[in-house]
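Everything in the sequence shown is counted per our numbering, starting at 307 for the first residue and increasing by one.
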Amino acid sequence: MITFQGIGASFGVADGTLFLVASKEKEPKRYEVNNPKDEWKRANDAIEKAKSELFAMHNEALVQGADEDAANVFDIQAMMLSDPDFLETIKALIETDKLCAEYAVHKTSISFSEQLKLIDDDYMQKRADDVLDASKRVCDILTKSQSDMLRHVKTRVVFAVDTLLPSHVMLLDKSKVCAFIAKHSSPGCHAAILARSMGLPVVCALGADFDKLIPDIRTLVDGDTGGVVQSPDVHTVSEFAAKMLNQVKADHSLGSVRGLPCVTLGGNVIKLEANISMPSEAKKAMANGAEGVGLFRSELLYLTSPDAVPAEDALYEAYRDALLAANKHHVYVRLLDGDENKHLFYPDTGYEENPALGMHAVALAQRHPDVLLTQLRAMMRASVYGELGILVPMVTSVDEIRFIKEYINTAHAQLIKESYAVAANLQLGIIIETPAAAMITDILASEVDFITIGTNDLTQYMLAADRQSDLMTNAYAAPSAAVLRMVAHIVSAAKVEGVPVSVCGEYASMPQLAGYFAHIEVDALSMSPSKIPAMKKAIRALDARMCKEEYEKAVQASVITKL
């Protein structure tokens, strides 16, 4: 028996045969072309096809159980392929050096990847692997070499590779792959996040031990502890078998609660809602027991649009389809924000030293009121098909809410004049995700119909810890008592004003916080559709005493790591 120790990056255990990938992939053949103009067109066509495939992979990842944040890696890769500097470099290599398209793409990706690694910014360094992954897709299209590397595999395998990429997680046949091992990579890399959200065990950062792995022999992987065992003895096999059986039992028990009401033993009702990015996800959410869409992010509709900004009709159809799929449940649509990718929607934003602290939703809308008005008109036209709510993100003041209200009134007046029907029950809500908004919840609540607490950004801004940084992972290792106390404050202040409150973000889907949320009387929790059953099971097992105990444990900083 041989044991190795890495870092557990995705929970779960697996038993399979080790499939070891060659440490260095073959680079495309280099040759010169006679007609650079035609070659650039060939490169550009392949890039556009790759982008379409990446957007499709985003949707497929969601279908396979990934959550929205994890699936967004494919949008990021597609955006990288749209970068003007990236495209101009490829074009210059083809037109000036007369290089073939595949080698020009490969050479450019290596150069850009190395540049990103040198930037003293963890978020940008993570993009280095994404550049290579996206570019390899383009090269595979150009060389027609896309193939299933596991096509001859007959048994379940543990896939071992130097650097784990998102495409590995998505494209490999899940009926053949039971776990991943990586020599490099980190728990915060996009591939690990994607695997984690899909329930696939991952052990990364094996380092020098990776080179000692023996291919084609039985290998056990423990994503909880980071352990890897080859040629295990009988006792170890028995231990792993017991862990795997417990996993299966847990998964089966979750399925039985999907159609049951989400209520504690003490009668406290908490609605479980879904986060989605495309209308097609709403149907899956309802099948998993969602009682509405608590957060419909619109960014993917913009990214997949053939136009710089989607036409009003295209947005209207997407919102209408989501409302119809929600089957009379509400759908809360977030106004366009864009986060760190805002420059793609608003090209004049320019470079920001720290985009997390740069311009966001309302500030961007003030500079681009035409984009805001188009989205509002589409929402209001769709509102006749169900209960639609408008969500304003990153609010910090009453003035921002009133600015949005002015444009809602403008859109409404335009639509009525144009003989469109608009629902009378259109609701307006805000996402509280900054300390500034949290501290004036009582004032903001008087301006809106509902409030959502975005715990991801609220945590980032309260702890001054970049959630994209591997160097700050300790800040996110366990729920923060400070953030949980702030959440309780927001709920309490909103309740005084009679405004319902929901919670979205990572905290909303943590079963260990179910009692805390029940105790502070949160009205709803919004999460990835795949996480709804586990949260519902946790809530249904709680009584009043347990809720109080979990609340007290959650807000005590000295014991928070025990959660």
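Where a beta carbon is used, it is the ideal one built from N, C-alpha and C, also for glycine. Keep in mind it's a predicted model, so treat the numbers as computed, not measured.
Smallest Cα separation from residue i: which of the options?
i: Gln880; options: His496, Glu374, Leu734 and Leu393; result: Nothing in the structure corresponds to residue 880, since the chain is present only between 307 and 869.
i: Tyr608; options: Gly598, Leu424, Gly600 and Asp619; result: Asp619
i: Phe418; options: Leu326, Leu438 and Leu405; result: Leu438
i: Gly821; options: Val861, Asp403, Lys549 and Val802; result: Val861
i: Asp351; options: Asp446, Pro567, Pro616 and His474; result: Asp446
i: Ala356; options: Val444, Lys404 and Asn365; result: Val444
i: Gly566; options: Pro839, Lys859, Thr469 and Ser473; result: Here the sequence assigns Leu to residue 566, which means Gly is not the residue at that position. Nearest option by C-alpha distance: Pro839.
i: Ser752; options: Ala730, Asp479, Leu478 and Gly804; result: Gly804
i: Leu471; options: Pro493, Lys480 and Asp436; result: Asp436
i: Pro250; options: Val789, Leu848, Glu545 and Asp389; result: Absent from the structure is residue 250, since the part of the chain shown begins at 307 and ends at 869.
i: Glu827; options: Ala794, Ser815 and Ser441; result: Ala794
i: Lys859; options: Ala830, Asp829 and Phe823; result: Phe823
i: Ile707; options: Lys332, Lys723, Gly735 and Gly312; result: Gly735
i: Gly532; options: Val508, Gly513 and Gly561; result: Val508
i: Val463; options: Leu506, Leu571 and Lys843; result: Leu506
i: Asn365; options: His825, Thr740, Lys590 and Tyr713; result: Lys590
i: Trp346; options: Ile396, Asp613 and Asp389; result: Ile396
i: Leu930; options: Ile749, Thr740 and Leu750; result: There is no way to answer for residue 930, as the model of the chain reaches only from 307 to 869.
Can you list, in chain order, the residues of its chain with a C-beta nearer than 7 Å to that of residue i? Leave out the 5 residues immediately preceding and following it.
i: Glu812; result: Thr761 and Asn762
i: Gln672; result: Phe709
i: Ser689; result: Val728, Ala729 and Leu732
i: Ala328; result: none
i: Pro675; result: Tyr713
i: Ile749; result: Val704
Leaving out five residues before and five after residue i in sequence, what residues of the same chain have Cβ atoms less than 8 Å from its Cβ?
i: Ile796; result: Ile738, Ala744, Thr747, Ile757, Ile759 and Val807
i: Val569; result: Val575, Ile576, Ile845 and Arg846
i: Leu642; result: Ser604, Glu605, Tyr608, Phe651, Ala667, Leu670, Ala671, Val677, Leu678 and Gln681
i: Ala742; result: Thr702 and Ser703
i: Met550; result: Val319, Ala320 and Asp321
i: Gly561; result: Pro839
i: Ile308; result: Lys518, Ile520, Val535, Gln536 and Ser537
i: Ser492; result: Ile313, Ala315, Ala498, Cys510, Ala511 and Asp776
Thinking C-beta only, is residue j closer than 8 Å to residue i?
i: Met386; j: Met476; result: no
i: Ala320; j: Ala547; result: no
i: Leu679; j: Thr716; result: yes
i: Ala377; j: Phe361; result: no
i: Asp528; j: Gly322; result: no
i: Val563; j: Arg336; result: no
i: Ser832; j: Gly600; result: yes
i: Val728; j: Gly692; result: no
i: Glu605; j: Glu579; result: no
i: Pro334; j: Ile400; result: no
i: Ser316; j: Ala488; result: no
i: Phe392; j: Thr414; result: yes
i: Ala719; j: Pro699; result: no
i: Met592; j: Ala632; result: yes
i: Leu422; j: Ala407; result: no
i: Ile696; j: Val615; result: no
i: Tyr767; j: Arg687; result: no
i: Leu405; j: Glu338; result: yes
i: Leu500; j: Ala367; result: yes
i: His412; j: Ser441; result: yes
i: Val535; j: Thr542; result: yes
So residue i and residue j are in contact, right, with Cβ under 8 Å, and what is the actual spacing, rounded?
i: Leu324; j: Leu519; result: 6 Å
i: Asp515; j: Phe310; result: 4 Å
i: Asp755; j: Gln733; result: 4 Å
i: Ala511; j: His490; result: 7 Å
i: Leu790; j: Leu694; result: Not really, about 31 Å apart at Cβ, beyond 8 Å.
i: Ala349; j: Ala398; result: In fact, because the Cβ distance is near 12 Å, the residues do not count as touching under 8 Å.
i: Ser537; j: Arg524; result: 6 Å
i: Lys842; j: Gly494; result: Contact doesn't hold; Cβ gap of about 28 Å is too wide.
i: Cys810; j: Asn581; result: 6 Å
i: Ser798; j: Ser815; result: Wrong, their Cβ atoms sit about 22 Å apart, outside the cutoff.
Go through its chain and collect everything with a Cβ distance to residue i's Cβ below 6 Å, but skip five positions before and after it.
i: Glu354; result: none
i: Val459; result: Lys482
i: Asp627; result: Pro585
i: Ser583; result: Glu374, Arg603 and Leu606
i: Gly371; result: Met504 and Ser836
i: Asp530; result: Gly314 and Phe317
i: Pro521; result: Leu324 and Leu326
i: Ile866; result: Annotation note: pLDDT 45 at Ile866 (below 50); position unreliable, no value reported.
i: Thr461; result: Thr323
Whole beta strand (DSSP E) elements within the segment 747-811, 3-residue minimum: 756-760 and 807-810
Secondary structure, alpha helix (DSSP H): runs of 4+ residues fully inside the segment 334-400: Segments of the alpha helix (DSSP H) lying fully in the segment 334-400: 342-369 and 374-386.
In chain order, each beta strand (DSSP E) run of at least 3 residues that lies wholly inside the segment 575-649: 577-582, 599-602 and 637-640
Residue ranges of each alpha helix (DSSP H) within the segment 416-474, 4 or longer: Within the segment 416-474, the complete alpha helix (DSSP H) segments at least 4 residues long are 428-449, listed from N- to C-terminus.
Continuous beta strand (DSSP E) assignments of at least 3 residues falling wholly in the segment 511-568: If we require 3 residues or more, the beta strand (DSSP E) runs fully inside the segment 511-568 come out as 524-528 and 533-536.
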